[in-house]
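Peer 1: Quick one: the structure is below, questions incoming.
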Amino acid sequence: MIFSRDPESSSQRDIVTRGDFQLSPKRSDGQSRPQAETICSPGGSATLASPTSESQGPYSEPTHTPAQSFISGATSQRTSEESFSSTTTNNFNDSSSESTDSKKGKETPQPKPTARDLDWDGPDDKANPQNWPAFKKWFITFTVALDCLCVSLGSSLYVEAVPDLMIEMGVSQTLGISGLTFYLIGLALGPVLAAPVSEIIGRRWIYIVSLPIGMLFTMGVGLAKNIRTILVLRFFSGFFNSPPMSVAGGTVSDLWSNDPAQLAVAMALFCLAPFLGPVIGPIVGGFAVDNHSWEWTQWVLLIFCGGIMPLLVLCPETLKHAILKKRAIKRGIELDKPKMDLALLKKIATIFLFRPVEMLIVEPIVCLTSVYIAFVFAVLFGFFQAYPIIFRGIYEMNRGVSGLPFIGVGVGLIIGVLAFIQFDHTFFHPKNEDGSRVKRDENGEPIELAPESRLAVAVIGSVFLPIALFWLAWTSRESIHWIAPTLAGVPFGFGLIWVFFGIVLYYSMTYPPQCLASALAANNVLRYSLASVFPLFIFDMYEELEVDWATSVFAFIALVMVPIPFVFYKFGNRLRSKSKYSFEAEAKRLAAEKEDEDSQEAFEFKFNESGSIRSEPNEGAGSPFVPSTRTMTADDMVADKA
Numbered sequence: 001m002i003f004s005r006d007p008e009s010s011s012q013r014d015i016v017t018r019g020d021f022q023l024s025p026k027r028s029d030g031q032s033r034p035q036a037e038t039i040c041s042p043g044g045s046a047t048l049a050s051p052t053s054e055s056q057g058p059y060s061e062p063t064h065t066p067a068q069s070f071i072s073g074a075t076s077q078r079t080s081e082e083s084f085s086s087t088t089t090n091n092f093n094d095s096s097s098e099s100t101d102s103k104k105g106k107e108t109p110q111p112k113p114t115a116r117d118l119d120w121d122g123p124d125d126k127a128n129p130q131n132w133p134a135f136k137k138w139f140i141t142f143t144v145a146l147d148c149l150c151v152s153l154g155s156s157l158y159v160e161a162v163p164d165l166m167i168e169m170g171v172s173q174t175l176g177i178s179g180l181t182f183y184l185i186g187l188a189l190g191p192v193l194a195a196p197v198s199e200i201i202g203r204r205w206i207y208i209v210s211l212p213i214g215m216l217f218t219m220g221v222g223l224a225k226n227i228r229t230i231l232v233l234r235f236f237s238g239f240f241n242s243p244p245m246s247v248a249g250g251t252v253s254d255l256w257s258n259d260p261a262q263l264a265v266a267m268a269l270f271c272l273a274p275f276l277g278p279v280i281g282p283i284v285g286g287f288a289v290d291n292h293s294w295e296w297t298q299w300v301l302l303i304f305c306g307g308i309m310p311l312l313v314l315c316p317e318t319l320k321h322a323i324l325k326k327r328a329i330k331r332g333i334e335l336d337k338p339k340m341d342l343a344l345l346k347k348i349a350t351i352f353l354f355r356p357v358e359m360l361i362v363e364p365i366v367c368l369t370s371v372y373i374a375f376v377f378a379v380l381f382g383f384f385q386a387y388p389i390i391f392r393g394i395y396e397m398n399r400g401v402s403g404l405p406f407i408g409v410g411v412g413l414i415i416g417v418l419a420f421i422q423f424d425h426t427f428f429h430p431k432n433e434d435g436s437r438v439k440r441d442e443n444g445e446p447i448e449l450a451p452e453s454r455l456a457v458a459v460i461g462s463v464f465l466p467i468a469l470f471w472l473a474w475t476s477r478e479s480i481h482w483i484a485p486t487l488a489g490v491p492f493g494f495g496l497i498w499v500f501f502g503i504v505l506y507y508s509m510t511y512p513p514q515c516l517a518s519a520l521a522a523n524n525v526l527r528y529s530l531a532s533v534f535p536l537f538i539f540d541m542y543e544e545l546e547v548d549w550a551t552s553v554f555a556f557i558a559l560v561m562v563p564i565p566f567v568f569y570k571f572g573n574r575l576r577s578k579s580k581y582s583f584e585a586e587a588k589r590l591a592a593e594k595e596d597e598d599s600q601e602a603f604e605f606k607f608n609e610s611g612s613i614r615s616e617p618n619e620g621a622g623s624p625f626v627p628s629t630r631t632m633t634a635d636d637m638v639a640d641k642a
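In terms of the UniProt record's numbering, the sequence shown opens at residue 1 and continues consecutively.
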């Protein structure tokens with residue numbers, strides 16, 4: 001799905017590495033491209049899923065993989081350290097000194113393995129999360145999905161408290177709704193820190209530590225006595241609640257990346273949670289405030305989080321190197337402790353701060369699609385102001401009942417996820433006679449679809465959005481039953497989730513993981529930033545233009561944006577070939593680097609007295625790829641250069 005790049009099998013995957021560079025042999029657009037698995041999460045963080053290892057020892061040689069992987073073609077989150085590391089090659093002086101030491105009889109000390117150098121004991125290793133029982137894997141999947149639902153629920157629950165805050169604290173509508181804005185800004189910034197940290201300490205501790213801290217700030221909001229305190233605490237509540245939005249995609253990938261068909265289901269259900277949470281919030285929050293007070297919007301959130309906390313504690317660690325590090329300690333294997341140097345910090349800053357800004361500016365794919373998703377996402381959060389105007393103002397519903405029309409959007413989201421799973425299993429991962437789910441040609445050979453094929457999902461979804469908005473705009477009147485504008489939410493929810501799936505899938509198949517992380521970070525920040533601004537002006541906009549024309553403005557903008565996924569569907573191949581961040585560009589760069597490394601590692605050059613260069617085979621002598629010893633003259637060098 002979205003979340004896999006049509007791998008043939010765990011033993012047949014083509015992985016691009018610095019040490020073993022390969023190209024995927026077949027793709028429907030006729031080009032070769034490195035094969036990888038990429039996962040991405042709704043929080044905007046890329047996830048790299050490790051291929052199933054065939055190693056049988058306690059640890060194997062490290063493969064630093066710059067192109068392998070939610071949600072979530074999409075992407076576990078090795079975007080921090082593993083994507084940041086690079087294979088070290090021996091230079092001329094290192095080779096010479098090593099050769100000299102060996103001649104003197106000195107033993108070269110072997111470096112200690114790091115946690116990332118360790119590997120599973122075999123393909124059936126019971127410690128591998130992919131080999132865990134299905135019940136255990138689904139329990140973890142649903143638990144982290146519920147965590148994300150709880151985090152997103154906190155955004156819209158607060159909206160129902162705004163009218164009471166205006167009266168109790170004497171603040172304006174704009175200042176009161178700013179609590180939503182500050183929470184969304186926290187959700188945008190939190191994953192930037194959580195994603196790389198989770199790759200160092202593991203995913204489990206991110207869940208267990210971040211949620212209680214977020215709960216403390218949520219409690220503070222409920223106890224606050226002035227709006228300034230509320231706004232500050234809302235920001236930190238969003239910031240510390242946000243890590244699951246980026247880390248959970250990695251957890252799901254750790255569990256299911258060896259099974260593309262099941263991964264499609266797991267990631268689709270997981271991605272539903274962050275969209276469903278904001279839809280549930282106004283329903284629950286409305287009845288809570290109606291029957292108690294505005295503080296109960298925060299107490300309800302605390303109850304949800306408190307119920308999820310024991311489930312998170314029961315979930316084991318799923319990150320590969322964290323599991324193997326713990327096992328290595330039990331086995332007495334001494335590991336080298338990695339150091340957080342300036343180079344790594346610079347790489348993190350590049351991937352999550354500098355490159356996202358650059359890609360928003362120079363990458364048409366990232367720029368236009370990010371603006372599109374951000375707009376649709378912002379309209380959803382704009383509904384938190386627009387729906388009360390429609391259903392309380394026009395249809396005179398009370399606060400609790402006026403949240404029920406959001407059920408229409410929720411139904412659309414659920415239908416969209418179920419339809420997407422069916423679409424994925426029909427066109428992207430059809431079931432074969434042998435039970436496998438790999439698209440094959442007439443000869444039975446696996447076919448890797450072009451990235452643009454995934455945009456078909458977004459093309460279909462984009463059509464539903466303007467239809468839904470025009471429907472809502474011109475049925476919201478007293479003469480028309482309230483069920484009509486409520487049902488407009490169904491196509492909106494369907495179109496929203498399909499546009500999101502299609503574009504994120506396209507990202508995951510276009511960019512290698514380190515660039516995918518940057519693209520998703522750019523999309524994430526822009527999405528939440530725009531969503532945080534929309535509620536601030538919706539009330540005034542609907543007062544000035546009234547419901548029909550105010551909603552129609554959004555409908556016309558959505559109509560203008562319909563061609564965006566279609567244009568990339570038709571011409572994306574040309575744009576990818578010109579991009580400096582795409583898989584094609586990565587393939588060229590890695591091929592050039594491998595060629596340079598091979599030329600350096602194949603021979604050790606020594607000058608003899610006659611001025612010629614004598615090449616001697618290194619430790620790889622005997623390999624068919626290492627030529628036998630010969631003498632290279634100056635004329636040979638000139639000929640080689642020519």
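Using N, Cα and C, we set each Cβ at its ideal position, and we do this for glycine too.
On a predicted model such as this, the values are computed, not experimentally measured, just so you know.
1) Please name the residue, chosen from ALA374, ILE201, THR551 and GLN173, that lies closest to THR318 on a Cα-to-Cα basis.
2) How should HIS481 be labelled, buried or exposed, when 16 other C-beta atoms within 10 angstroms of its C-beta is the threshold for buried?
3) According to DSSP, which residues form a beta bridge with GLU433?
4) DSSP three-state call for PRO260: helix, strand or coil?
5) DSSP beta-bridge partners for ARG440?
6) Cβ atoms of GLY403 and PRO282: under 7 Å apart, would you say?
7) Using the Cα positions of VAL162 and LYS225, report the straight-line distance between them to the nearest angstrom.
8) So, helix, strand or coil for ASN523, using DSSP?
9) Quick check: LEU449 and PRO565, are their CB atoms within less than 7 Å of each other?
10) My guess is that PRO274 and MET309 are in contact by the Cβ rule of under 8 Å, so how many angstroms apart are they, rounded?
11) Quick one: residues in its chain with C-beta nearer than 6 Å to the C-beta of VAL265, no 5 flanking neighbours on either side, listed in chain order?
12) How is SER582 classed by DSSP in three states: helix, strand or coil?
13) What's the C-alpha gap between ASN523 and PHE304?
14) Going by DSSP, what residue range makes up the alpha helix (DSSP H) through SER155?
15) Grouping DSSP H, G and I as helix and E and B as strand, with all else coil, what is GLN68?
16) In three-state DSSP terms, what is GLU478?
17) Let me check understanding here. Comparing Cα to Cα, which of ILE538, ARG203, LEU165 and SER198 lies closest to ILE390?
18) Around the C-beta of GLY306, are 16 or more other C-beta atoms found within 10 angstroms, so that it is buried, or is it exposed?
19) Where do the ends of the alpha helix (DSSP H) carrying GLY306 lie?
20) How would you call ARG228, buried or exposed, if buried means at least 16 neighbouring beta carbons within 10 angstroms?
21) For SER32, does the three-state DSSP call read helix, strand or coil?
22) Could you pull out every residue in the same chain whose Cβ sits closer than 8 Å to the Cβ of ASP548, ignoring the five residues on either side in sequence?
23) At which residues does the alpha helix (DSSP H) containing GLU358 begin and terminate?
24) Should GLN68 go down as buried or exposed, given a rule of 16 or more other Cβ atoms within 10 Å for buried?
25) According to DSSP, simplified to helix, strand and coil, what is PHE607?
26) What whole-angstrom Cβ distance do LEU530 and ALA374 have, given they're in contact under 8 Å?
27) Looking at LEU180 and VAL151, is the spacing between their C-beta atoms short of 7 Å?
28) For LYS137, count the other beta carbons within 10 Å of its own beta carbon; 16 or more makes it buried, fewer makes it exposed. Which is it?
29) State the CB to CB distance for the pair VAL379 and PHE554, rounded to an integer number of angstroms; the pair is presumed to be in contact (CB under 8 Å).
30) Do ASN258 and GLY214 count as a contact pair if the criterion is CB distance below 7 Å?
31) Please report how far the alpha carbon of SER198 lies from the alpha carbon of LEU312, in whole angstroms.
32) For GLY170, does the three-state DSSP call read helix, strand or coil?
33) Around the Cβ of PHE316, are there at least 16 other Cβ atoms within 10 angstroms (buried) or fewer (exposed)?
34) With a CB to CB cut of under 7 Å and the five nearest residues on each side skipped, what residues in its chain are close to VAL409?
35) Using the Cβ count rule (16 or more neighbours within 10 Å means buried), how would you classify VAL560?
36) Based on Cα-Cα distance, which residue from ARG440, TRP471, PRO485 and TRP498 lies nearest to SER462?
Peer 2: Judging by the given coordinates:
1) Locating residue 318 in the sequence shown gives position 318, counting from the first residue. Shortest Cα-Cα distance from THR318 to any of ALA374, ILE201, THR551 and GLN173 involves ILE201.
2) Position 481 of the sequence shown holds residue 481. By the neighbour-count rule (16 or more Cβ atoms within 10 Å), HIS481 is not buried but exposed.
3) As a first step, residue 433 must be located in the sequence shown, where it is residue number 433. None, per the DSSP bridge assignment.
4) On the sequence shown, position 260 is the one that residue 260 refers to. Judged by DSSP in its simplified three-state form, PRO260 adopts helix.
5) Within the sequence shown, residue 440 is the residue found at index 440, counting from 1. DSSP output for ARG440 lists PRO446 as bridge partner(s).
6) For this step, residue 282 is matched to residue 282 along the sequence shown. For this step, residue 403 is matched to residue 403 along the sequence shown. Result yes, Cβ atoms of PRO282 and GLY403 sit closer than 7 Å.
7) As a working note, residue 162 is residue 162 in the sequence shown. As a working note, residue 225 is residue 225 in the sequence shown. Using only the alpha carbons, I get a separation of about 14 Å.
8) Locating residue 523 in the sequence shown gives position 523, counting from the first residue. It is helical.
9) Numbered from its first residue, the sequence shown carries residue 449 at position 449. Numbered from its first residue, the sequence shown carries residue 565 at position 565. Their beta carbons are not under 7 Å apart, which means LEU449 does not touch PRO565 by this criterion.
10) Reading the sequence shown from its first residue, position 274 is the one you call residue 274. Reading the sequence shown from its first residue, position 309 is the one you call residue 309. PRO274 to MET309, Cβ: 19 Å. No contact.
11) Along the sequence shown, one-based indexing puts residue 265 at 265. Excluding sequence neighbours, VAL265 sits near ILE421.
12) If you number the sequence shown from 1, residue 582 lands on position 582. Of the three classes helix, strand and coil, the one that applies to SER582 here is coil, per DSSP.
13) Reading the sequence shown from its first residue, position 523 is the one you call residue 523. Reading the sequence shown from its first residue, position 304 is the one you call residue 304. Between ASN523 and PHE304, the C-alpha separation is close to 28 Å.
14) What you label residue 155 is simply residue 155 of the sequence shown in a count that begins at 1. Note, SER155: alpha helix (DSSP H), 134 to 157.
15) If you number the sequence shown from 1, residue 68 lands on position 68. Below a pLDDT of 50, predicted positions are generally treated as unreliable, and GLN68, at 33, falls in that range; the measurement from the model is reported next regardless. Correct three-state label for GLN68: coil.
16) Residue mapping note: residue 478 aligns to position 478 of the sequence shown, counting from 1. In the structure shown, GLU478 sits in coil (DSSP, three-state: anything other than H, G, I, E or B).
17) Within the sequence shown, residue 390 is the residue found at index 390, counting from 1. Comparing Cα-Cα distances from ILE390 to each of ILE538, ARG203, LEU165 and SER198, the minimum goes to ILE538.
18) Against the sequence shown, residue 306 aligns to sequence position 306. That one is exposed.
19) In the sequence shown, the residue the question calls residue 306 occupies position 306. Unbroken alpha helix (DSSP H) run through GLY306: 296 to 314.
20) Locating residue 228 in the sequence shown gives position 228, counting from the first residue. So ARG228 ends up on the exposed side.
21) Locating residue 32 in the sequence shown gives position 32, where the first residue counts as 1. Note that SER32 scores a pLDDT of 45, beneath 50, so its modelled location is shaky; the value from the coordinates is reported in the next line. If DSSP states are grouped into helix, strand and coil, SER32 belongs with coil.
22) Sequence index remark: in the sequence shown, residue 548 carries index 548 (1-based). Excluding residues within five positions, the ones whose Cβ falls inside 8 Å are ALA473, TRP474, SER476 and ARG477.
23) Taking the sequence shown and counting its residues from 1, one reaches residue 358 at position 358. Looking at the DSSP string, the run of the alpha helix (DSSP H) that includes GLU358 is 355 to 362.
24) Against the sequence shown, residue 68 aligns to sequence position 68. Confidence in GLN68 is poor, its pLDDT being 33 and thus under 50, which makes the residue's placement unreliable; the coordinate value appears in the next sentence. Here GLN68 is buried. Its C-beta has 16 or more other C-beta atoms within 10 Å.
25) By one-based count along the sequence shown, residue 607 stands at place 607. Here the model assigns PHE607 a pLDDT of 46, short of 50, so the residue's position is not dependable, and the following value carries that caveat. Of the three classes helix, strand and coil, the one that applies to PHE607 here is strand, per DSSP.
26) Taking the first residue of the sequence shown as 1, we reach residue 530 at position 530. Taking the first residue of the sequence shown as 1, we reach residue 374 at position 374. Confirmed, about 4 Å.
27) Counting from 1 along the sequence shown, the entry for residue 151 is found at position 151. Counting from 1 along the sequence shown, the entry for residue 180 is found at position 180. It is not a contact, given that the beta carbons lie outside the stated cut-off.
28) As a first step, residue 137 is located in the sequence shown; it is residue number 137 there, counting from the start. So LYS137 ends up on the buried side.
29) Against the sequence shown, residue 379 aligns to sequence position 379. Against the sequence shown, residue 554 aligns to sequence position 554. 5 Å between Cβ atoms; contact.
30) To locate residue 214, count along the sequence shown from 1; it is residue 214. To locate residue 258, count along the sequence shown from 1; it is residue 258. Cβ distance not < 7 Å, so GLY214 and ASN258 don't count as in contact.
31) Here residue 198 is taken as the residue at index 198 of the sequence shown, counted from 1. Here residue 312 is taken as the residue at index 312 of the sequence shown, counted from 1. Rounded to whole angstroms, SER198 to LEU312 spans 15 Å at the Cα level.
32) Position 170 of the sequence shown, counting from 1, holds the residue named residue 170. Coil.
33) Numbered from 1 along the sequence shown, position 316 holds the residue referred to as residue 316. It is Pro, not Phe, that sits at residue 316 in the sequence shown. Classification for PRO316: exposed.
34) Looking up residue 409 in the sequence shown gives position 409. Annotation for VAL409: VAL279, GLY489, PHE492 and GLY493 place their beta carbon closer than 7 Å to its own, counting only its chain and skipping 5 residues before and after.
35) Stepping through the sequence shown from its first residue, residue 560 is reached at position 560. Burial call: exposed.
36) As a first step, residue 462 is located in the sequence shown; it is residue number 462 there, counting from the start. Of the candidates ARG440, TRP471, PRO485 and TRP498, the one whose C-alpha sits nearest the C-alpha of SER462 is TRP498.
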